[in-house]
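Notes follow once the structure below has been shown.
Number of protein chains: 8
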Amino acid sequence: MNDSDAFHDLGFAKVDVARPQRVGMAEAIYGPGKSPEQCAGVLKALLSGPPGSPVVLTRANPEQIEACLEVDGSARVSGGKMLTATWRHREPSGEKVAVVTAGTADLEVATECAATLVAYGIQADLIPDCGVAGLHRLLGELPRIADAAVVVVVAGMEGALASVVAGLVGAPVIGVPASTGYGSSLEGATALLSMSASCAQGLAFVGIDNGFGAACCAVRMLSARRQET
Amino acid sequence: MNDSDAFHDLGFAKVDVARPQRVGMAEAIYGPGKSPEQCAGVLKALLSGPPGSPVVLTRANPEQIEACLEVDGSARVSGGKMLTATWRHREPSGEKVAVVTAGTADLEVATECAATLVAYGIQADLIPDCGVAGLHRLLGELPRIADAAVVVVVAGMEGALASVVAGLVGAPVIGVPASTGYGSSLEGATALLSMSASCAQGLAFVGIDNGFGAACCAVRMLSARRQET
Amino acid sequence: MNDSDAFHDLGFAKVDVARPQRVGMAEAIYGPGKSPEQCAGVLKALLSGPPGSPVVLTRANPEQIEACLEVDGSARVSGGKMLTATWRHREPSGEKVAVVTAGTADLEVATECAATLVAYGIQADLIPDCGVAGLHRLLGELPRIADAAVVVVVAGMEGALASVVAGLVGAPVIGVPASTGYGSSLEGATALLSMSASCAQGLAFVGIDNGFGAACCAVRMLSARRQET
Amino acid sequence: MNDSDAFHDLGFAKVDVARPQRVGMAEAIYGPGKSPEQCAGVLKALLSGPPGSPVVLTRANPEQIEACLEVDGSARVSGGKMLTATWRHREPSGEKVAVVTAGTADLEVATECAATLVAYGIQADLIPDCGVAGLHRLLGELPRIADAAVVVVVAGMEGALASVVAGLVGAPVIGVPASTGYGSSLEGATALLSMSASCAQGLAFVGIDNGFGAACCAVRMLSARRQET
Amino acid sequence: MNDSDAFHDLGFAKVDVARPQRVGMAEAIYGPGKSPEQCAGVLKALLSGPPGSPVVLTRANPEQIEACLEVDGSARVSGGKMLTATWRHREPSGEKVAVVTAGTADLEVATECAATLVAYGIQADLIPDCGVAGLHRLLGELPRIADAAVVVVVAGMEGALASVVAGLVGAPVIGVPASTGYGSSLEGATALLSMSASCAQGLAFVGIDNGFGAACCAVRMLSARRQET
Amino acid sequence: MNDSDAFHDLGFAKVDVARPQRVGMAEAIYGPGKSPEQCAGVLKALLSGPPGSPVVLTRANPEQIEACLEVDGSARVSGGKMLTATWRHREPSGEKVAVVTAGTADLEVATECAATLVAYGIQADLIPDCGVAGLHRLLGELPRIADAAVVVVVAGMEGALASVVAGLVGAPVIGVPASTGYGSSLEGATALLSMSASCAQGLAFVGIDNGFGAACCAVRMLSARRQET
Amino acid sequence: MNDSDAFHDLGFAKVDVARPQRVGMAEAIYGPGKSPEQCAGVLKALLSGPPGSPVVLTRANPEQIEACLEVDGSARVSGGKMLTATWRHREPSGEKVAVVTAGTADLEVATECAATLVAYGIQADLIPDCGVAGLHRLLGELPRIADAAVVVVVAGMEGALASVVAGLVGAPVIGVPASTGYGSSLEGATALLSMSASCAQGLAFVGIDNGFGAACCAVRMLSARRQET
Amino acid sequence: MNDSDAFHDLGFAKVDVARPQRVGMAEAIYGPGKSPEQCAGVLKALLSGPPGSPVVLTRANPEQIEACLEVDGSARVSGGKMLTATWRHREPSGEKVAVVTAGTADLEVATECAATLVAYGIQADLIPDCGVAGLHRLLGELPRIADAAVVVVVAGMEGALASVVAGLVGAPVIGVPASTGYGSSLEGATALLSMSASCAQGLAFVGIDNGFGAACCAVRMLSARRQET
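Chains as they are written, first to last, in the numbering used here: chain A, 22 to 250; chain B, 22 to 250; chain C, 22 to 250; chain D, 22 to 250; chain E, 22 to 250; chain F, 22 to 250; chain G, 22 to 250; chain H, 22 to 250.
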């Protein structure tokens, strides 16, 4: 643990190049609060480390993306107002994660989740707009959802979809409370509390809008499974 | 409005005997914070007013119930830790309200609701334990729910049931966030926020544990309907 | 329930074309977080479904409105910063809903409510600026309010108007906590809590600024009534 | 300011015997967290100071009351679960403060307020149970309220009564948010927020259940007035 | 109370022209959420009512001010980002209210308070920057503060100044929690809670940033006093 | 989904006997708010269903336990103030879940988690008291933690342990915010927020004190893995 | 860091016997949630470690105290409802910490702080009841406060005292928000927020009621100082 | 205390020129809410006072900086969006404070802290990006951290780093909860609560983003130490 060689010190950042060995995933570059140059610097350090883990830049703005593409232009970039870029993509493993959203407005967060999964070689089956106000939409997609190894549910407003899905399938279900909605949605806090008080057995969840975190959670599960076999 | 004869002044309370004429329901006697004698006094004043409206004592303890039964022993009493007593019951009107609960622990609040409805001559069809963790239980009861003029949904924890029901039937749906659950349920605040941010069109709701209020809301709807016809 | 033909899958959205049959109202198009093209796509799907229900676009910006008008120019558009557009208006039914506001600043939310009601053939009697600081304004409008089948009360700040109205009329009263006000209004949370703790019997309410939801709630009530007769 | 003789040091307390000279009122003895002996000790110190100000013990339990009565048995004691005792009562000044409550359950707090006023020689006109669910009760009492120099309004639940009263009379109105109610009342926080966001011009208020504070506020207003004339 | 002539109905607003007779102050025009034309319309209605009360426009933007000045150019306008305009100023009565602020950044709210007071003929003695971090500044101003009939304390951050002032003078003290500060100030909620839990006897307060409300509260106190004499 | 035979209707409860087929786990019996007889009734229904899934009674009191043991005395009972009972234990599968706690006081919640795991045939390796104030305790246990297929971290107060563990191992980590601690712990809400804002990649968590939920989450993960192989 | 000999594993607890070497203080025994036997077991392990640091048991009940005294009867025990016991007291160092409280009810928390300080050989100068409502009491004690190397301020309600003290002395000031008070005090959260938004330069604070933590903070400061010299 | 000469009255501000004598630090100029001219005016007053204390302008915008540089161009200016300027720097004392951050995005707050320390002659050893997700980064820097007289930890999100550091070193540790992060970070409130409920002995902290306050806290500690020796 004490090995100070295990990180690259850039002055403004200590890039944790040992993380893939430790937790099976490279450190992500969190965009907000970093200059484009800082993002590029961290990227360079991560890419110069030992290969084997995808690299992900999250919640980035166009300037940060541009600076990073100059470091390495091989990234896949996705998203709208909030961009995700990924490098060093793994080969598709054949595993599948369903990323279900309650509404169209949750797609931004779901896209971050899917982009991360894809970088890790996992197929992300994006199933949008299954909100509980029209339950048959969800029921119609059940076969597709039941086919996935892990299910991620992105839901804002009252976040009920996560509970409902966890009551319908036996796979691990990871909720992502989203900040979509207005007024009583309290910018995602309502969905967070709602998932946290879920009556469904074994629903786990991550922080508000944390699509990246949900993907990493799925990566952990699937990596563990792979090591086992 | 200014008619001071429209209430009985008992010193510690001004009994609003004009309320039935005004809003179609008698003032209820809210138990907590009143002595048994005060409860009995208010009851006496309400029963001495013009007939035509049921009288309801809510959230009462056994001492309050006893004192009120001495005033008029014709009450129906229901509930467990929190008692409801009703007087001057209306004849059954043939109308039906479904009172759906998410779990067995929500029955206390549902019972207050049902007792109030019954006092107003409305059939309360109590359908417990339809929580979304086992959705087929709800779906199996849909015909019974769809048969009701109004649907009340009592749900604690994440309160998702109210949204789901409102997405399945066209009748008015009134949610009652319940304080059941522990930890993240925040004594009902989670369910309140959840219902308040519901994605279902036209779900209305009342305050935490306010089964009586939901019943009154249904009474308003059905009274209006009756006047119309 | 399992009929997957009951929705149009647009990739980014599953349009719930079966909703009118199920709950008596078409799915609404919630503007925020959708591109103009997405709004137009959902509109097209909804309009291609079986007729019989109005279609409502809520909380839209001018670009979204424009894209939707190109799909079908027959909409009525109302509102200021937050626009509502409606298609397939029902014939006036003769029913009337009073939409009472506490202040002039609550008109934005009330307008969304009224536009939805009108689309459903219900007359919306808009009665603004009846806040409790000048109670005679409300009392002067009581005959007009008492003439309505349902009363919607839009109130920000302390939201007291909803309680007061529910104490004066016997019709169903639906409160809409509004985000008007500043500081202690906490962007509508104060009014939400206030309505939720109302001392008035049978007041129901919807989420913060949810004028559309209050209208749908009234539609449910009046539809139920109509079926009855 | 630096005069250390201006307080009696009892070891566990520094009794502020100079307070009457400074703010026109003696320090009150706040019961909770003090032993009966500590209460009695503070009382003794206050009574040994210069005369001229009433002394008030608030939120006391029977043991504390008993210990204090042994120090000086001339107290008036009032209240139910939470007791108030007062010593050194002023002669009635002829001034009147209306203490209006929303419900019977608010009487506990109103009693603390009234007992304090009476100790200061001010007539407390207790007008209970004027909640806005039956507005005519309030309107019927308007002449009595309008006759008071200051109006205190104790209201729990949504606390709307304070706004309504402040819209009806020109006298200073002091709201006391009460912890009465359950669920959404959030132990008084809802009423506090509600009063804090009041639409009525010039409503001021004190902390939750602080009947004593409201009385002191009225004492300040009336003392100032007296000095003026 | 039922006199519908007591307000001017402008369609979007019911101007409460009877308010001066009722509570001694004209209705204020709250700027946010109103168009410049709406502001001007309300102003015109208020000015056409019976004379005798100042008229105040609060929290206005420059466009609203301009539209109102075209109605009546005699206004005094004050403030920075948030403007206050006043019409029909009363003659100076000789009464004085001290408006004490904790910091320079609280001056915006204090200015709204002072402008309102001055319109009502009350001298506003503005005493800025007396925060408790340098207590001698406050102590140095004590004679000036003690000379006022009422003291208003505007304080953000932890809002401690209101408690301290109320412990030093016997006049009525009205706290205004201000939204100044950052982070833990929670946009004024911290100061609101802090004042609400004050240990000082008889401190009353108004909502966050409500300088206008504090002025109205002082107007109520001084009017009552005047009537008395 | 619509098969109403899929639940046993006990009147007060609809026992979801189809849940094992659907999500791989039987419905649990949540103790609070149920009478001992109701608990026993649900247990009987669950045990009469198709075998194959353990049955768990959570958060029970001694009376509930006793009533259930009369139904079937083969239960294992564990816990202190809050009891867990399990029936129909699965054969040990050889899989291991580490249940790490921050302090001794978190053992109550950890015990519920472990008892549930054991019932499902999973070895629960309980590793208490690894709080971050003495980090070497955690580091000393790393080999044991790294040996587990899934890691559950129960932590109250600031809940930091979950983030730290998730930064050290690659297995899936499930946090359980605990209500241990006092004051600023806010009965678990602080730990919930803290885990929800974790900087560690891929940490998922469940609601406050929901040890049972964390176990179910692990069961989902391991079941999925087993099916795969 | 990896040395697993650095703690005693008792099964239910890993006693961090290396903490004195690491942070200069032994691990404390936090009472709540531990059985008397567990408390005694941890105590035994701590006392069997290398000498040199006092041992503190906090927030204990009488049964826990009794069990610990059987292990080692040399403890000093202090407090009322919440007991503190200390072992292995250091020789008095001559250093002094002032422990100032706002009111008498804050003494419980102050006592925990003082007992911990005394165990570490630091003189605790307890100065109670200096609340800002009677500022001269504080000013009268200034010389005594200024004589201390560190100042701890325990204050509930609005917690203003901490800001005021930090504006008067140059020594490090540590605030302890206390849960004293009622209603708006929100069980200490108001004081926590208030201290957190303090306008005084360089005030630091600890969690609600954490008198022990404040003492440890002072121990850290004074140890550092001693090492320096 | 009453000496009114102890401040410069600028009309809009009372500059506390006596503060260095009192608490060892000059009043800081808090930028937000002040015009550039007001900032410059306060600066001039502070610089005209007796020398001996650095002067700090915090959270300033470029216009405020410019106006202040015209008063005295000798300032050091640092920061990005939020600027800090310092005047009258002390000679380096040789003392060192470690300013550790959890992530790169916390550097803004850390910079304010460091700039203040440097102005006071204290070496600020900035150690960024030691978040607990990669614990070895922190452990690798332990020797450098252990070498400091005081440790400041700036951490957003769940703020766990402060607890971890306080468990590793014996020096005084001051946490600064930062508003970095999104969603569940609640703009720093999560980190504030988390630090406030820390399990580490003797961690103290300041308000959200208050890097200046943490520096002042360190200045107090080191000044006290210096006086001692």
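Yeah, the Cβ is synthetic: ideal placement off N, Cα and C, and Gly gets one too.
Cβ pair count under 8 Å reaching 3, the segment 123-140 of chain B against the segment 228-244 of chain B: At 8 Å Cβ cutoff, the stretches touch.
Proximity test, Cβ basis, 7 Å: Ala239(D) and chain G: As a working mapping, residue 239(D) is identified with position 218 in the fourth sequence. Answer no: the Cβ-Cβ gap between Ala239(D) and chain G never drops below 7 Å.
Alpha-carbon spacing of Pro75(B) relative to Gly142(B), whole angstroms: Start at 1 with the first residue of the second sequence, and residue 75(B) comes out as number 54. Start at 1 with the first residue of the second sequence, and residue 142(B) comes out as number 121. Rounded to the nearest angstrom, the two C-alpha atoms are 9 Å apart.
Reduced DSSP category for Thr125(B) - H, G, I as helix; E, B as strand; rest coil: Start at 1 with the first residue of the second sequence, and residue 125(B) comes out as number 104. Three-state DSSP puts Thr125(B) in a helix.
Identity of the residues DSSP links to Ile148(B) by a beta bridge: Mapped onto the second sequence, residue 148(B) falls at position 127. DSSP, once it has assigned bridges, lists Val121(B) as partnering Ile148(B).
Cutoff 7 Å; reference Val130(F); Cβ partners in own chain excluding five residues on either side: Taking the first residue of the sixth sequence as position 1, residue 130(F) is located at position 109. Answer for Val130(F): Val175, Val197, Ala199, Asp230 and Gly232, listed in chain order.
Close beta carbons around Met22(E), own chain, < 7 Å, minus the five adjacent residues each side: Within the fifth sequence, numbered from 1, the residue matching residue 22(E) stands at position 1. With a pLDDT of 44 at Met22(E), under the threshold of 50, the modelled position of that residue is not reliable, and no figure is offered here.
For Ser215(B) and Arg158(A), the rounded distance between their alpha carbons: As a position in the first sequence, residue 158(A) is number 137, starting the count at 1. As a position in the second sequence, residue 215(B) is number 194, starting the count at 1. Distance between the alpha carbons of Arg158(A) and Ser215(B) is about 21 Å.
Whole-angstrom distance between Ser206(D) and Glu208(C), CA atom to CA atom: On the third sequence, position 187 is the one that residue 208(C) refers to. On the fourth sequence, position 185 is the one that residue 206(D) refers to. Glu208(C) and Ser206(D): Cα-Cα distance of roughly 19 Å.
His29(C) (DSSP reduced to helix, strand or coil): Working through the third sequence from its first residue, we reach residue 29(C) at position 8. His29(C) falls in the strand class under three-state DSSP.
Candidates Ala154(A), Val172(A) and Val139(A), of which the one nearest Ile148(A) by Cα: Stepping through the first sequence from its first residue, residue 148(A) is reached at position 127. When each option's Cα is compared against that of Ile148(A), the closest is Val172(A).
Which listed residue (Asp127(E), Ala192(E) and Cys89(E)) has its alpha carbon closest to that of Thr79(E): Reading the fifth sequence from its first residue, position 58 is the one you call residue 79(E). That would be Cys89(E), whose Cα lies nearest to the Cα of Thr79(E).
Which residues DSSP lists as bridging Leu104(E), in chain order: The residue labelled residue 104(E) in the question sits at position 83 within the fifth sequence. Looking at the DSSP assignment, Leu104(E) forms a beta bridge with Ala81(E) and Gly100(E).
Contacts of Arg43(G) in chain H (Cβ-Cβ under 9 Å): If you number the seventh sequence from 1, residue 43(G) lands on position 22. Within chain H, the residues near Arg43(G) are Gly188, Leu189, Val190 and Gly191.
Exposure label - Gly32(A); buried when at least 16 CB within 10 Å: Numbered from 1 along the first sequence, position 11 holds the residue referred to as residue 32(A). It counts as exposed.
Chain-order list of residues whose beta-carbon lies under 6 Å from that of Lys35(A) (same chain, five-residue window excluded): As a working note, residue 35(A) is residue 14 in the first sequence. Once the five neighbours on either side are set aside, the close Cβ partners of Lys35(A) are Phe28.
Pairwise C-alpha distance: Ala239(H) and Ala225(G): Here residue 225(G) refers to the residue found at position 204 of the seventh sequence. Here residue 239(H) refers to the residue found at position 218 of the eighth sequence. Taking the straight line from one Cα to the other gives about 10 Å.
Gln59(A), buried or exposed, once every other Cβ within 10 Å from all chains shown has been counted against 16: By one-based count along the first sequence, residue 59(A) stands at place 38. Result: buried.
Beta carbon of Leu156(E) nearer than 7 Å to that of Ala145(E): Taking the first residue of the fifth sequence as 1, we reach residue 156(E) at position 135. Taking the first residue of the fifth sequence as 1, we reach residue 145(E) at position 124. Result no, Cβ atoms of Leu156(E) and Ala145(E) do not sit closer than 7 Å.
Option nearest Tyr203(D) by Cα separation, candidates Pro113(B), Ala212(B), Leu68(B) and Pro53(B): Residue mapping note: residue 203(D) aligns to position 182 of the fourth sequence, counting from 1. When each option's Cα is compared against that of Tyr203(D), the closest is Pro53(B).
Contacting residues, own chain, Cβ-Cβ under 7 Å from Arg40(A) (five flanking each side not counted): In the first sequence, residue 40(A) corresponds to position 19, counting from 1. Contacts found: Met46, Ala47 and Glu48.
CB contact check: Gly177(C) to chain B, cutoff 7 Å: As a working note, residue 177(C) is residue 156 in the third sequence. No, Gly177(C) does not count as interfacial toward chain B.
C-alpha gap between Pro113(D) and Ala123(B), whole angstroms: For the purposes of this step, residue 113(D) is taken as the residue at position 92 of the fourth sequence. For the purposes of this step, residue 123(B) is taken as the residue at position 102 of the second sequence. Between Pro113(D) and Ala123(B), the C-alpha separation is close to 59 Å.
Segments assigned beta strand (DSSP E), at least 3 residues, entirely inside the segment 164-240 of chain C: Counting only runs of 3 or more, we get 171-176 and 194-198.
Whole-angstrom C-beta distance between Val63(A) and Ile50(A), which should lie under 8 Å: Sequence index remark: in the first sequence, residue 50(A) carries index 29 (1-based). Sequence index remark: in the first sequence, residue 63(A) carries index 42 (1-based). Confirmed, about 5 Å.
Candidates Leu67(C), Gly73(C) and Leu104(C), of which the one nearest Glu87(C) by Cα: Translated into positions along the third sequence, residue 87(C) becomes position 66. When only C-alpha atoms are compared, the closest one is Leu104(C).
Cβ shell of Met242(B) (< 8 Å), same chain only, five flanking positions each side left out: What you label residue 242(B) is simply residue 221 of the second sequence in a count that begins at 1. Taking Met242(B) as the centre and dropping the five residues before and after it, the same chain places the C-beta of Ala170, Val171 and Pro193 closer than 8 Å to its C-beta, in chain order.
Positions along the segment 130-163 of chain A whose CB lies within less than 9 Å of some CB in chain F: Leu160 and Leu163
Contact set between the segment 204-234 of chain F and chain H, restricted to residues whose Cβ is under 8 Å from the partner: Gly204, Ser205, Ser206, Leu207, Ala210, Thr211, Ala212, Leu214, Ser215, Met216, Ser217, Ala218, Ser219, Cys220, Ala221 and Gln222
Same chain only: Cβ atoms within 7 Å of Gly73(E), ignoring 5 sequence neighbours per side: Against the fifth sequence, residue 73(E) aligns to sequence position 52. Correct list, in chain order: Pro41.
Backbone secondary structure at Lys65(F) - three-state DSSP: Position 44 of the sixth sequence, counting from 1, holds the residue named residue 65(F). Three-state DSSP puts Lys65(F) in a helix.
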